[in-house]
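Presented below is the structure to which this report refers.
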Amino acid sequence: MLDGPVDVLQPVAERPLLADVGQPSRPIDPTLFNVLDAVEDRGDSCAVTGVATALGVDQPRASRLVLRTVEEGWLARRTAPSDARRTLLTLTDRGREQLDRTHQFRQELFARVMADWPDADRSEFARLITAFVTSFAEVVSGTDQPPR
(Lines of atoms letter the chains of each structure in order from A and count residues from 1; the text may use other names and numbers.)
(Lines give C-alpha, C1' and ligand atoms only; values in the text may rest on other atoms or scores of the structure.)
Protein backbone atom coordinates (compact mmCIF):
# COMPACT_ATOMS: atom_id res chain seq x y z
CA MET A 1 0.00 0.00 0.00
CA LEU A 2 2.78 2.46 0.82
CA ASP A 3 5.38 1.30 -1.70
CA GLY A 4 4.39 3.98 -4.23
CA PRO A 5 4.66 6.96 -1.84
CA VAL A 6 7.81 5.57 -0.24
CA ASP A 7 9.40 5.03 -3.66
CA VAL A 8 8.63 8.66 -4.54
CA LEU A 9 9.88 10.10 -1.25
CA GLN A 10 13.06 8.06 -0.84
CA PRO A 11 15.09 9.76 -3.59
CA VAL A 12 13.87 13.14 -2.35
CA ALA A 13 14.90 12.33 1.23
CA GLU A 14 18.33 11.16 0.10
CA ARG A 15 18.97 14.12 -2.18
CA PRO A 16 21.46 16.67 -0.84
CA LEU A 17 19.77 19.66 0.76
CA LEU A 18 20.43 23.34 0.23
CA ALA A 19 23.90 24.44 -0.58
CA ASP A 20 26.14 25.06 2.39
CA VAL A 21 26.02 28.62 3.70
CA GLY A 22 28.75 30.57 1.95
CA GLN A 23 29.58 27.65 -0.35
CA PRO A 24 26.71 27.31 -2.85
CA SER A 25 28.59 24.74 -4.94
CA ARG A 26 28.55 22.25 -2.03
CA PRO A 27 25.21 20.64 -1.17
CA ILE A 28 24.59 19.42 2.37
CA ASP A 29 24.40 15.72 3.14
CA PRO A 30 20.93 15.11 4.67
CA THR A 31 22.49 12.89 7.34
CA LEU A 32 24.62 15.80 8.55
CA PHE A 33 21.53 17.99 8.64
CA ASN A 34 19.91 15.31 10.82
CA VAL A 35 22.87 15.55 13.21
CA LEU A 36 22.31 19.31 13.53
CA ASP A 37 18.60 18.72 14.04
CA ALA A 38 19.31 16.17 16.80
CA VAL A 39 21.62 18.58 18.62
CA GLU A 40 19.05 21.37 18.35
CA ASP A 41 16.29 19.10 19.69
CA ARG A 42 18.36 18.00 22.69
CA GLY A 43 19.64 21.45 23.62
CA ASP A 44 22.68 22.14 25.76
CA SER A 45 23.02 18.62 27.10
CA CYS A 46 23.49 16.78 23.79
CA ALA A 47 26.35 14.32 23.54
CA VAL A 48 27.27 11.85 20.80
CA THR A 49 25.06 9.21 22.45
CA GLY A 50 22.05 11.51 21.99
CA VAL A 51 22.88 11.90 18.31
CA ALA A 52 23.23 8.12 17.96
CA THR A 53 19.83 7.57 19.55
CA ALA A 54 18.16 10.26 17.46
CA LEU A 55 19.57 8.92 14.20
CA GLY A 56 19.16 5.25 15.08
CA VAL A 57 22.84 4.49 14.50
CA ASP A 58 25.59 3.04 16.68
CA GLN A 59 27.93 5.30 18.62
CA PRO A 60 30.97 4.90 16.31
CA ARG A 61 28.86 5.98 13.31
CA ALA A 62 27.42 8.91 15.28
CA SER A 63 30.96 9.92 16.31
CA ARG A 64 32.08 10.01 12.67
CA LEU A 65 29.04 12.08 11.68
CA VAL A 66 29.58 14.50 14.57
CA LEU A 67 33.25 14.83 13.59
CA ARG A 68 32.20 15.80 10.05
CA THR A 69 29.83 18.49 11.36
CA VAL A 70 32.55 19.83 13.67
CA GLU A 71 34.98 19.93 10.72
CA GLU A 72 32.35 21.83 8.69
CA GLY A 73 32.12 24.39 11.49
CA TRP A 74 28.46 23.62 12.26
CA LEU A 75 29.00 22.12 15.72
CA ALA A 76 31.44 22.81 18.53
CA ARG A 77 32.50 20.44 21.28
CA ARG A 78 32.69 21.59 24.90
CA THR A 79 33.38 19.92 28.21
CA ALA A 80 30.32 19.24 30.36
CA PRO A 81 30.36 21.51 33.42
CA SER A 82 29.29 18.66 35.69
CA ASP A 83 31.71 16.03 34.36
CA ALA A 84 35.01 16.91 32.69
CA ARG A 85 35.11 13.46 31.05
CA ARG A 86 31.92 14.17 29.10
CA THR A 87 31.83 16.16 25.86
CA LEU A 88 28.73 18.09 24.85
CA LEU A 89 27.81 19.41 21.42
CA THR A 90 26.66 22.93 20.62
CA LEU A 91 25.45 24.48 17.40
CA THR A 92 27.77 27.20 16.13
CA ASP A 93 26.39 30.38 14.56
CA ARG A 94 27.14 28.87 11.17
CA GLY A 95 25.37 25.63 12.14
CA ARG A 96 22.35 27.56 13.42
CA GLU A 97 22.21 29.55 10.18
CA GLN A 98 22.40 26.36 8.12
CA LEU A 99 19.69 24.70 10.19
CA ASP A 100 17.42 27.75 9.94
CA ARG A 101 17.90 28.01 6.17
CA THR A 102 17.16 24.34 5.65
CA HIS A 103 14.04 24.44 7.84
CA GLN A 104 12.82 27.49 5.91
CA PHE A 105 13.53 25.73 2.60
CA ARG A 106 11.54 22.67 3.67
CA GLN A 107 8.60 24.79 4.86
CA GLU A 108 8.53 26.68 1.57
CA LEU A 109 8.76 23.44 -0.40
CA PHE A 110 5.85 21.88 1.51
CA ALA A 111 3.82 25.07 1.04
CA ARG A 112 4.42 24.93 -2.72
CA VAL A 113 3.56 21.24 -2.94
CA MET A 114 0.32 21.74 -1.02
CA ALA A 115 -0.60 25.18 -2.39
CA ASP A 116 -3.75 23.87 -4.11
CA TRP A 117 -4.83 21.62 -1.25
CA PRO A 118 -7.90 22.57 0.78
CA ASP A 119 -7.14 23.64 4.37
CA ALA A 120 -8.81 20.51 5.73
CA ASP A 121 -6.52 18.28 3.65
CA ARG A 122 -3.41 20.16 4.79
CA SER A 123 -4.49 19.82 8.42
CA GLU A 124 -5.21 16.12 8.00
CA PHE A 125 -1.86 15.58 6.28
CA ALA A 126 -0.05 17.39 9.11
CA ARG A 127 -1.84 15.23 11.68
CA LEU A 128 -1.09 11.99 9.84
CA ILE A 129 2.54 12.75 8.99
CA THR A 130 3.18 13.72 12.62
CA ALA A 131 1.67 10.44 13.82
CA PHE A 132 3.67 8.52 11.20
CA VAL A 133 6.98 10.17 12.12
CA THR A 134 6.38 9.57 15.83
CA SER A 135 5.55 5.90 15.27
CA PHE A 136 8.43 5.47 12.84
CA ALA A 137 10.91 6.92 15.35
CA GLU A 138 9.59 4.61 18.08
CA VAL A 139 9.92 1.53 15.88
CA VAL A 140 13.40 2.45 14.64
CA SER A 141 14.65 3.24 18.15
CA GLY A 142 13.09 0.10 19.62
CA THR A 143 10.89 1.99 22.08
CA ASP A 144 7.64 0.87 20.48
CA GLN A 145 5.42 -1.85 21.87
CA PRO A 146 5.14 -4.80 19.45
CA PRO A 147 1.59 -5.59 18.30
CA ARG A 148 -0.17 -8.29 20.30
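Going by our numbering, the sequence shown opens with residue 2, and the numbers climb by one from there. For glycine and all other residues, C-beta sits at the position ideal for the given N, C-alpha and C.
Nearest to Val36 by alpha-carbon distance, out of Thr70, Arg95, Val141 and Thr93, is Thr70. Within 10 angstroms of the beta-carbon of Trp118 lie fewer than 16 other beta-carbons, which makes it exposed. Between Arg78 and Leu90, the CB-CB gap stays under 8 Å. For Thr91, the beta-bridge partners assigned by DSSP are Ala77. Within the DSSP bridge table, the entry for Asp42 names no partner. Taking all protein chains in view, the Cβ of Gly96 is crowded by 16 or more other Cβ atoms within 10 Å, so the residue is classified as buried. The DSSP-derived three-state label of Ala85 is strand. The Cβ atoms of Leu100 and Asp38 lie closer than 8 Å to each other.
For the pair Arg87 and Leu76, the Cα-to-Cα distance works out to about 16 Å. The DSSP-derived three-state label of Ala116 is coil.
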